[in-house]
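**Student:** First the structure, which I've put down as C-alpha cells, then a few questions once you've had a look.
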Amino acid sequence: RAGDAAQARTALDALPADLAGDDRATRLRNQLQLAQALDGAADAQSLRQRIATEPNDWEARDLLGVRLLLGDDPAAGLEQFLYILQHQRDWHDGQAKKRLLAAFQVLDDAALVSSYRRSMASLLF
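Below is the structure:
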C-alpha cells in the first residue's frame, strides 16, 4: 500500500516455508502481482478509448480489468477478463484465466467470487 513493490516482494520472499504457502501470503502475492501490472499503464479513460476504437485490444482490456478490480468496480474488472477468456482464451499464455484466479484470491466478496467462478467454469468447460 505504501508503493514500495520491491520491499513488499522481498518481505514475501523472505517468509519461512510454513508461512509462504499461507492463504494470506498468497493473497498478498496476487495483490502485488496485479498492482505491478499497472506500472506505466495508461489511465482507465485512455484504456476505455482504446477499447472503443478496437474492441479486441486484449492488452487494454486486461489493464482496464486490473484497474477496475483494484479500484472501485471489481465486477467490471472481472467482466473484462471474462471477455478476453471468451474471445481469445490463449492470449498472452492464458493471462485472462490467470487474472481471474488471482482476483478470486484477493476479493473479499464471496458471492461475487462464486458467481464469476461459475462464469469462468462455463467458458472453460
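Counting in our numbering, the sequence shown runs from 142 upward without gaps. The C-beta atom is built at its ideal place from N, Cα and C for all residues, glycine as well. These figures come from a predicted structure and were not determined experimentally.
Which residues in the same chain as leucine 188 place their Cβ atom closer than 6 Å to its Cβ, once the five residues preceding and following it in sequence are excluded?
**Tutor:** In the sequence shown, residue 188 corresponds to position 47, counting from 1. So the list reads Ala201, Leu204 and Leu205, once near-sequence residues are dropped.
**Student:** Just to confirm my understanding: we take arginine 240, look at its own chain, exclude 5 residues before and 5 after, and list those with CB closer than 6 Å. What are they?
**Tutor:** On the sequence shown, position 99 is the one that residue 240 refers to. If we look at arginine 240 and ignore the five residues flanking it on each side, its Cβ neighbours are Phe222.
**Student:** Between arginine 150 and the rest of its own chain, which residues show a CB-CB distance below 8 Å, the 5 nearest in sequence each way excluded?
**Tutor:** Here residue 150 refers to the residue found at position 9 when the sequence shown is read from its first residue. Cβ neighbours of arginine 150 beyond the five flanking positions: Leu173.
**Student:** Which same chain residues, not among the five before or five after asparagine 171, have their C-beta less than 6 Å away from its C-beta?
**Tutor:** Taking the first residue of the sequence shown as 1, we reach residue 171 at position 30. Only Ala243, Gln246 and Val247 meet the Cβ criterion.
**Student:** Is the number of C-beta pairs between the region 183-197 and the region 151-159 that are closer than 8 Å three or more?
**Tutor:** They do not touch, by the three-pair rule.
**Student:** Check this for me: beta carbons of leucine 253 and leucine 210, under 8 Å apart or not?
**Tutor:** Position 112 of the sequence shown, counted from the start, is the residue given in the question as residue 253. Position 69 of the sequence shown, counted from the start, is the residue given in the question as residue 210. No.
**Student:** Where does asparagine 171 sit, in a helix, a strand or coil, going by DSSP?
**Tutor:** Residue numbering aside, residue 171 sits at position 30 when the sequence shown is read from its first letter. It is helical.
**Student:** Figure out for me which residue from Arg168, Gly162 and Arg208 has the closest Cα to the Cα of alanine 178.
**Tutor:** For this step, residue 178 is matched to residue 37 along the sequence shown. The shortest Cα separation from alanine 178 among Arg168, Gly162 and Arg208 belongs to Arg208.
**Student:** Taking the straight line between their C-alpha atoms, what separation do you get for leucine 265 and leucine 169?
**Tutor:** Along the sequence shown, read from residue 1 onward, the residue named residue 265 stands at position 124. Along the sequence shown, read from residue 1 onward, the residue named residue 169 stands at position 28. Computed Cα separation, rounded: 26 Å.
**Student:** Is glutamine 236 buried or exposed, if buried means 16 or more other CB atoms sit within 10 Å of its CB?
**Tutor:** Position 95 of the sequence shown, counting from 1, holds the residue named residue 236. Buried, because 16 or more other Cβ atoms sit within 10 Å of the Cβ of glutamine 236.
**Student:** So, helix, strand or coil for glycine 206, using DSSP?
**Tutor:** In the sequence shown, counting from the first residue as 1, residue 206 sits at position 65. Glycine 206 falls in the helix class under three-state DSSP.
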